[in-house]
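Trainee: Structure in structure tokens, see below.
Number of protein chains: 2
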Amino acid sequence: MKFEPVTIKDIGKALGLSTSTVSRALRGSYEISSETKRLVLEYAEKINYRPNPIALSLKERRNHSIGIVVCEIANNFFSQAINGIESIAYNRGYHVIMSQSHESYERETVIVDHLASRSVDGLLVSVSSETQDYTHFKNLYDKGLPIVFFDRVANEIITHKVIADNFKGAFDATEHLIENGFKRIAHITSAPYLSISEERLGGYKAALEKHDIEFDDKLVHYCYHGGMIYDEIENALTKLFKLKLKPDALFTGGDRVTTTCMQALKKLNKKIPEDIAVIGFTNTNVGELISPSLSVVRQPAFEIGQVATELLISMIESKRPVTDFETKTLQTELIVRDSSSRNMTEK
Amino acid sequence: MKFEPVTIKDIGKALGLSTSTVSRALRGSYEISSETKRLVLEYAEKINYRPNPIALSLKERRNHSIGIVVCEIANNFFSQAINGIESIAYNRGYHVIMSQSHESYERETVIVDHLASRSVDGLLVSVSSETQDYTHFKNLYDKGLPIVFFDRVANEIITHKVIADNFKGAFDATEHLIENGFKRIAHITSAPYLSISEERLGGYKAALEKHDIEFDDKLVHYCYHGGMIYDEIENALTKLFKLKLKPDALFTGGDRVTTTCMQALKKLNKKIPEDIAVIGFTNTNVGELISPSLSVVRQPAFEIGQVATELLISMIESKRPVTDFETKTLQTELIVRDSSSRNMTEK
DNA sequence: TATTTCTACGCAAACGTTCCCGATAACGAT
DNA sequence: ATCGTTATCGGGAACGTTTGCGTAGAAATA
Chain A
9 MKFEPVTIKD IGKALGLSTS TVSRALRGSY EISSETKRLV LEYAEKINYR
59 PNPIALSLKE RRNHSIGIVV CEIANNFFSQ AINGIESIAY NRGYHVIMSQ
109 SHESYERETV IVDHLASRSV DGLLVSVSSE TQDYTHFKNL YDKGLPIVFF
159 DRVANEIITH KVIADNFKGA FDATEHLIEN GFKRIAHITS APYLSISEER
209 LGGYKAALEK HDIEFDDKLV HYCYHGGMIY DEIENALTKL FKLKLKPDAL
259 FTGGDRVTTT CMQALKKLNK KIPEDIAVIG FTNTNVGELI SPSLSVVRQP
309 AFEIGQVATE LLISMIESKR PVTDFETKTL QTELIVRDSS SRNMTEK
Chain B
9 MKFEPVTIKD IGKALGLSTS TVSRALRGSY EISSETKRLV LEYAEKINYR
59 PNPIALSLKE RRNHSIGIVV CEIANNFFSQ AINGIESIAY NRGYHVIMSQ
109 SHESYERETV IVDHLASRSV DGLLVSVSSE TQDYTHFKNL YDKGLPIVFF
159 DRVANEIITH KVIADNFKGA FDATEHLIEN GFKRIAHITS APYLSISEER
209 LGGYKAALEK HDIEFDDKLV HYCYHGGMIY DEIENALTKL FKLKLKPDAL
259 FTGGDRVTTT CMQALKKLNK KIPEDIAVIG FTNTNVGELI SPSLSVVRQP
309 AFEIGQVATE LLISMIESKR PVTDFETKTL QTELIVRDSS SRNMTEK
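As they're listed, the protein sequences go chains A and B. The opening residue of the first sequence carries number 9 in this note's numbering; numbering runs sequentially from there. The opening residue of the second sequence carries number 9 in this note's numbering; numbering runs sequentially from there.
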């Protein structure tokens with residue numbers, strides 16, 4: 009199917025004017041008589057003329073569009089973040105182009121290359137859990153393509169980054185468990201080289217240390233697919249429960265990890281919080297409906313998306329090369345419910 | 009920031025060839041000597057040449073991108089559908105441009121106009137709950153812009169449509185409640201003029217009729233914001249509970265409506281299913297974790313997205329105008345859990 | 001009246017490609 | 001020696017805009 013659009017040339021032909029005159033009239037240039045302007049504007053309106061954005065892009069060498077690279081859309085955190093991204097982009101006149109890495113490094117490289125081959129003015133990325141090498145970003149970035157990382161960032165690339173305070177979020181969650189009397193706190197999280205995993209593990213360790221609980225790496229499990237693969241989670245849990253010194257609490261890092269852990273615990277017939285207390289990073293909006301109601305660390309996903317987009321657009325629209333980069337850290341929210349409660353276990 | 013890309017011209021200059029020769033060499037034309045081809049290919053590889061997609065778009069008058077218009081991304085159904093859309097689009101070499109109407113008719117018109125002004129080869133749309141007038145789609149469609157509707161469709165526009173079998177899904181859910189002994193079945197759903205609302209209401213009525221239960225419009229409530237506004241849902245529920253003949257079961261139509269109803273019921277201290285049994289349309293993946301575990305009608309969101317995208321791309325790539333349109337109906341899945349169980353109430 | 005200054009418009013290049021049409025050379029055939 | 005082929009390449013238009021520059025005529029100035 010073809011979509012035959014009306015061009016500036018058509019207007020010129022119809023009105024006996026040159027394209028330049030029409031163009032100028034449309035932009036309201038002072039060198040066009042008001043009479044001609046009126047004529048052009050009226051005719052353009054009549055035939056519902058819309059400038060061809062592609063021709064403009066070619067001329068101005070920009071697209072007014074930004075690319076998003078995330079592992080998956082169907083995830084509470086990311087869909088909320090994308091919502092934030094879209095809200096800002098829309099107001100600033102940018103289109104948002106979506107793509108998913110599905111936690112695959114290879115696919116990420118393909119996507120990024122595809123997006124960046126100049127069909128996009130900038131990139132908003134949260135790296136895949138498989139990604140350990142960042143040269144595909146580095147190459148483009150060095151060539152001048154603006155990139156802002158959010159959530160899962162590439163520390164070795166010097167640019168704007170927007171993250172939640174994962175350290176503090178993890179610290180608070182862990183300390184909350186400790187203060188509720190739990191001593192053997194397990195931690196299931198995503199791939200170890202992910203920035204978020206590192207930061208959350210750091211907070212977890214710091215809380216243990218503060219309360220003089222020895223860190224035990226047998227209590228920490230990494231799920232390389234971020235909870236996308238059920239068995240990975242179930243295996244981690246069964247290993248934990250086979251320990252001589254079983255955990256009495258679980259702190260999960262990641263939206264998918266948390267919900268999948270809850271499903272696995274249900275399947276394994278573990279009572280929460282009697283058998284094991286649970287608190288985890290997740291942005292689900294039905295935490296209170298879950299049985300028992302789920303204690304969570306909630307990330308300001310929408311705001312992260314917004315801030316990242318603002319930074320990216322400022323980079324895109326900056327005349328001079330940007331040299332002053334910042335890492336914005338937004339606070340998480342600790343929502344305590346029943347799944348991490350000591351009271352429940354004492355009944 | 010500027011992103012200085014290498015063009016076909018640069019290659020020509022460096023190698024002492026014309027742009028046409030370079031272009032042909034790159035495409036492997038038979039009229040270029042293998043020696044020249046080798047030279048060009050090697051050099052292009054070396055300097056990492058990527059064709060400028062914008063220039064191509066201008067030339068070929070297409071973009072290899074499709075626009076998505078939905079009410080919101082952060083919604084289980086839509087994020088899963090978008091996942092399906094992206095999966096097909098990626099394989100077929102199309103970019104996916106996202107936008108949200110936020111259930112606003114006005115915003116929808118602006119978005120559609122913006123997207124369609126030729127920055128997109130086709131549109132995948134699920135209309136907003138406010139939309140009753142479809143001329144903004146009709147105009148573009150008549151001009152030749154391919155459009156495929158999914159989920160919430162515009163019946164008056166003759167094109168491909170992909171929907172879940174909302175009638176049957178609603179029928180099954182309602183009949184399930186009836187067979188479990190419930191007699192006063194309330195129905196809370198989205199805006200009445202939405203195709204999905206109509207279809208689901210139809211299934212609901214048909215099930216009632218089959219089992220000789222009189223339809224009572226006092227048991228039906230429409231939420232014009234599709235559950236996005238909490239109070240709208242709570243109001244509907246309190247009205248239901250103020251009825252002389254209170255409902256004993258609730259069938260909800262819509263992802264957001266269902267989860268928000270659950271939240272409101274919790275806040276109103278209603279026991280499920282003792283005070284009121286619940287089953288609803290939703291694509292949440294934590295239905296079994298909810299207390300009580302939630303009976304749901306699940307839509308094949310991912311597949312709906314896939315099928316819609318395939319149809320759209322077939323329209324885009326069709327040489328001749330498409331005249332044979334189909335409405336694909338995919339089956340829903342009834343997942344019975346505790347929230348709609350009679351047994352629970354008899355304990 | 002001759003010259004300058006506006007006013008209002010057109011020409012053409014440019015953005016990066018593709019592709020139709022020629023152009024040039026080599027070469028065998030006549 | 002001339003011609004038609006074939007192989008290989010370049011010129012230039014086109015896609016839809018914007019914009020620097022040029023220039024016509026009219027008005028203003030000298």
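Glycine included, C-beta positions come from ideal geometry on N, C-alpha and C.
1. Quick one: what does DSSP say I204 (chain A) is sitting in, helix, strand or coil?
2. Step through the CB atoms of chain B and report whether any lies within less than 8 Å of the CB of L66 (chain A).
3. If you run the structure through DSSP and keep just helix, strand and coil, what is R115 (chain A)?
4. Skipping 5 residues on each side, what residues in its chain have a beta carbon closer than 7 Å to that of D225 (chain B)?
5. Kindly indicate which three-state DSSP category L25 (chain A) falls into: helix, strand or coil?
6. Rounded to whole angstroms, what is the Cα-Cα separation between Y212 (chain A) and A316 (chain B)?
7. Assuming F179 (chain B) is part of the alpha helix (DSSP H), what are its boundary residues?
8. To the nearest angstrom, report how far apart L320 (chain B) and I81 (chain B) are at their CA atoms.
9. Among B:T15, B:R70, B:E50, B:A63, which residue has its Cα nearest to the Cα of S326 (chain B)?
10. Would R126 (chain A) and I74 (chain B) qualify as a contact pair, given that the criterion is a beta-carbon distance under 8 Å?
11. Considering L360 (chain B), what are the terminal residues of the alpha helix (DSSP H) in which it resides?
12. Just the Cα atoms here: how many angstroms apart are M352 (chain B) and N188 (chain B)?
13. Can you tell me whether K169 (chain A) is helix, strand or coil according to DSSP?
14. Give the single residue among A:D141, A:S65, A:Y57, A:G177 whose Cα lies nearest to the Cα of Q307 (chain A).
15. State buried or exposed for H219 (chain A), treating a residue as buried only when at least 16 other CB atoms are found within 10 Å of its CB.
16. Chain A beta carbons: is any one of them nearer than 8 Å to that of T120 (chain B)?
17. What ranges does the beta strand (DSSP E) occupy inside the segment 54 to 120 of chain B, keeping only unbroken runs of at least 3 residues that lie completely in it?
18. Identify the continuous beta strand (DSSP E) that holds F145 (chain A) and give its terminal residues.
19. Excluding five sequence neighbours on each side, which residues of the same chain lie with their C-beta closer than 7 Å to the C-beta of F333 (chain A)?
20. In terms of DSSP beta bridges, what is I287 (chain B) paired with?
21. Does the Cβ of R328 (chain A) have 16 or more other Cβ atoms within 10 Å, making it buried, or fewer, making it exposed?
22. Along chain B, in chain order, which residues have C-beta atoms closer than 9 Å to that of L132 (chain A)?
23. Three-state secondary structure (DSSP) at A194 (chain B)?
24. Report the partner residues of Y230 (chain A) according to the DSSP bridge assignment.
25. Write down the C-beta distance between S198 (chain A) and G261 (chain A) rounded to the nearest angstrom, noting that I regard them as a contact closer than 8 Å.
26. In chain A, which residues lie with their C-beta within 9 Å of the C-beta of V104 (chain B)?
27. Among the residues of its own chain, which have a CB less than 7 Å from the CB of S203 (chain A), if the five just before and after it don't count?
28. Quick check on V133 (chain B): does DSSP put it in helix, strand or coil?
29. Taking Q140 (chain B) as the reference, which of B:T268, B:E111, B:L248 has the closest Cα?
30. Measure the C-alpha to C-alpha separation of Y102 (chain A) and I16 (chain A) and round it to an integer number of angstroms.
31. Alpha carbon to alpha carbon, what distance is there between V170 (chain B) and P300 (chain A)?
32. Is DSSP giving L34 (chain A) helix, strand or coil here?
33. DSSP three-state call for K336 (chain B): helix, strand or coil?
34. For a contact defined as C-beta to C-beta under 7 Å, what are the partners of R345 (chain A) on chain B?
35. Please report the residue range of the alpha helix (DSSP H) in which F249 (chain B) lies.
36. Can you check whether the CB of L227 (chain B) is closer than 8 Å to the CB of P200 (chain B)?
Mentor: Taking the structure as given:
1. In the structure shown, I204 (chain A) sits in a helix (DSSP, three-state: H, G or I).
2. Closer than 8 Å: yes.
3. The answer is helix: DSSP assigns R115 (chain A) an H, G or I state.
4. Nothing meets the Cβ criterion.
5. Note: L25 (chain A) maps to coil in three-state DSSP.
6. C-alpha of Y212 (chain A) to C-alpha of A316 (chain B): approximately 45 Å in a straight line.
7. For F179 (chain B), the enclosing alpha helix (DSSP H) begins and ends at 174 to 187.
8. The alpha-carbon atoms of L320 (chain B) and I81 (chain B) are separated by roughly 20 Å.
9. When B:T15, B:R70, B:E50, B:A63 are compared, the shortest CA-CA separation from S326 (chain B) is found for B:R70.
10. The answer is no: Cβ separation not under 8 Å.
11. Summary: the structure shown does not reach residue 360 (chain B), with chain B confined to residues 9 through 355, and so no result is reported for it.
12. Confidence is the limiting factor: at M352 (chain B) the pLDDT is only 48, short of 50, which leaves the residue's position unreliable, though a coordinate-based value still follows. So the alpha carbons of these two residues sit roughly 11 Å apart.
13. When secondary structure is reduced to three states using DSSP, K169 (chain A) falls in the strand class.
14. From the listed residues A:D141, A:S65, A:Y57, A:G177, the smallest Cα separation to Q307 (chain A) is found for A:G177.
15. Under this definition H219 (chain A) is an exposed residue.
16. Per the sequence shown, residue 120 (chain B) should be read as Val rather than Thr. V120 (chain B) does not count as touching chain A.
17. Fully contained in the segment 54 to 120 of chain B are the following beta strand (DSSP E) runs of length 3 or more, in chain order: 73 to 78, 103 to 108.
18. Where F145 (chain A) is concerned, there is no enclosing beta strand (DSSP E), although the alpha helix (DSSP H) it sits in stretches over 143 to 150.
19. Around F333 (chain A): I166, T167, H168.
20. Answer is B:F259, B:S303, bridged to I287 (chain B).
21. So R328 (chain A) counts as exposed.
22. Taking a Cβ-Cβ threshold of 9 Å, none of the residues of chain B is close to L132 (chain A); the smallest such distance is about 12 Å.
23. Of the three classes helix, strand and coil, the one that applies to A194 (chain B) here is strand, per DSSP.
24. Per DSSP, A:T197.
25. That belief holds up - the Cβ atoms of S198 (chain A) and G261 (chain A) are roughly 6 Å apart, short of 8 Å.
26. Those within 9 Å of V104 (chain B) in chain A are I105, M106, S107.
27. Close CB contacts of S203 (chain A) within its chain, under the 7 Å cut and outside five residues either way in sequence, are with R160, V161, N163 (chain order).
28. Three-state result, V133 (chain B): strand.
29. For the residues B:T268, B:E111, B:L248, the minimum Cα distance to Q140 (chain B) belongs to B:E111.
30. About 23 Å.
31. The alpha-carbon atoms of P300 (chain A) and V170 (chain B) are separated by roughly 38 Å.
32. The three-state secondary structure of L34 (chain A), taken from DSSP, is helix.
33. Three-state DSSP puts K336 (chain B) in a strand.
34. Neighbours of R345 (chain A) on chain B: none; closest Cβ ~12 Å, over 7 Å.
35. Here the alpha helix (DSSP H) through F249 (chain B) covers 238 to 250.
36. Taking 8 Å as the cut-off, the Cβ atoms of P200 (chain B) and L227 (chain B) do not count as close.
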